[in-house]
Amino acid sequence: KAGVTQTPRYLIKTRGQQVTLSCSPISGHRSVSWYQQTPGQGLQFLFEYFSETQRNKGNFPGRFSGRQFSNSRSEMNVSTLELGDSALYLCASSSDLGRALYEQYFGPGTRLTVT
Amino acid sequence: EDKVVQSPLSLVVHEGDTVTLNCSYEVTNFRSLLWYKQEKKAPTFLFMLTSSGIEKKSGRLSSILDKKELFSILNITATQTGDSAVYLCAVEFGLINTPLVFGKGTRLSVIA
Numbered sequence: 003k004a005g006v007t008q009t010p011r012y013l014i015k016t017r018g019q020q021v022t023l024s025c026s027p028i029s030g031h032r033s034v035s036w037y038q039q040t041p042g043q044g045l046q047f048l049f050e051y052f053s054e055t056q057r058n059k060g061n062f063p064g065r066f067s068g069r070q071f072s073n074s075r076s077e078m079n080v081s082t083l084e085l086g087d088s089a090l091y092l093c094a095s096s097s098d099l100g101r102a103l104y105e106q107y108f109g110p111g112t113r114l115t116v117t
Numbered sequence: 265e266d267k268v269v270q271s272p273l274s275l276v277v278h279e280g281d282t283v284t285l286n287c288s289y290e291v292t293n294f295r296s297l298l299w300y301k302q303e304k305k306a307p308t309f310l311f312m313l314t315s316s317g318i319e320k321k322s323g324r325l326s327s328i329l330d331k332k333e334l335f336s337i338l339n340i341t342a343t344q345t346g347d348s349a350v351y352l353c354a355v356e357f358g359l360i361n362t363p364l365v366f367g368k369g370t371r372l373s374v375i376a
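Chains as they are written, first to last, in the working numbering: chain A, 3 to 117; chain B, 265 to 376.
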């Protein structure tokens with residue numbers, strides 16, 4: 003089975019721009035979660051989608067948004083980029099059978115640098 | 265406020281040493297604690313612990329949970345350079361489907 007894929011792997015943007023990141027979960031997985039990882043804050047939960055619906059949302063401003071398509075692929079969008087948005091953005095998928103969080107598989111991440 | 269705290273933040277050891285990584289938590293309605301290893305980018309799952317006092321073991325890695333004292337340890341014996349990574353602890357708590365809360369991780373460097 004192919005793993006979780008994320009595109010692009012690296013991205014450089016300037017302040018004020020917007021960015022869209024993509025995540026393709028493992029085939030058959032319907033739950034996709036997004037995390038932001040920075041050296042200072044560690045891994046922080048952004049949001050989770052299940053069957054095209056946002057099921058959970060972390061404490062991030064409204065500039066961060068996401069969506070999930072019928073094929074379970076997910077995108078997250080960050081508008082009006084700030085320097086502090088520079089981070090590794092990780093996507094994780096799970097089959098959501100009984101909410102098996104321990105079977106949450108992570109993608110390789112997208113390294114976003116905002117200048 | 266719920267939180268997960270890992271210590272130490274970083275650690276340098278020599279090959280063959282034994283290391284103990286700590287994770288303490290303060291959450292309401294604890295459900296499980298998970299350990300992940302992050303080498304380059306994607307964290308990979310190591311253990312899930314739900315019951316106190318039961319050791320989970322996988323090769324040279326083992327972990328145990330103390331629900332009374334609200335902490336877990338991850339032990340690595342006979343360390344190898346390939347164990348160099350960031351080790352993340354995450355806690356599942358509250359109602360079902362509540363997102364995981366992660367600690368900031370412990371960066372382990374094993375030198376030859």
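Even glycine gets a Cβ: it sits at the ideal position worked out from N, Cα and C.
Around the Cβ of residue 116 of chain A, are there at least 16 other Cβ atoms within 10 angstroms (buried) or fewer (exposed)?
buried
Same chain, Cβ closer than 7 Å to residue 358 of chain B, five either side skipped, listed in chain order:
292 and 293
In the structure shown, what three-state DSSP assignment does residue 100 of chain A receive?
The predicted position of residue 100 of chain A is uncertain, since its pLDDT is 47 and thus under 50; no value can be drawn from it.
Using a beta-carbon distance below 7 Å, is residue 331 of chain B in contact with chain A?
no
Just the chain B side, please: which residues come within less than 7 Å of residue 63 of chain A by C-beta, in chain order?
None at all; the shortest Cβ gap to chain B is about 17 Å.
Rounded C-beta distance between residue 332 of chain B and residue 316 of chain B? I'm assuming under 8 Å.
7 Å
Taking the straight line between their C-alpha atoms, what separation do you get for residue 89 of chain A and residue 280 of chain B?
34 Å
Assign residue 94 of chain A to buried or exposed, taking buried as 16 or more other Cβ atoms, counted over all protein chains shown, within 10 Å of its Cβ.
buried
To the nearest angstrom, how far is the alpha carbon of residue 356 of chain B from that of residue 12 of chain A?
30 Å
Any idea which residues DSSP pairs residue 337 of chain B with across the strands?
B:286 and B:328
Apart from the five residues just before and just after residue 341 of chain B, which ones in its own chain have a Cβ nearer than 6 Å to its Cβ?
282 and 324
Buried versus exposed call for residue 43 of chain A [16 or more other C-beta atoms within 10 Å across all chains shown]:
exposed
Close-in-space but distant-in-sequence residues of the same chain around residue 119 of chain A (CB under 6 Å, 5 per side omitted):
The question about residue 119 of chain A has no answer, for chain A in this structure spans 3 to 117.
In three-state terms, what does DSSP make of residue 114 of chain A?
strand
Any beta-carbon of chain B closer than 7 Å to the one on residue 21 of chain A?
no
Any heavy atom of the ligand GTP closer than 6 Å to the beta-carbon of residue 41 of chain A?
No copy of the ligand GTP appears in this structure; indeed no ligand is present at all.
What does the alpha-carbon distance come out to for the pair residue 307 of chain B and residue 92 of chain A?
9 Å
Given residue 273 of chain B, which residues of its chain have a CB within under 6 Å of its CB, disregarding the five upstream and five downstream residues?
none
Compute the distance between the beta-carbons of residue 83 of chain A and residue 38 of chain A, then report whether it is under 7 Å.
no
Closer than 7 Å to chain B by CB, residue 27 of chain A:
no
Does any CB atom of chain B fall closer than 7 Å to the CB of residue 75 of chain A?
no
Express the C-alpha separation of residue 290 of chain B and residue 376 of chain B in angstroms, rounding to a whole number.
37 Å
Among B:270, B:362, B:368 and B:345, the one whose alpha carbon lies nearest that of residue 284 of chain B:
B:270
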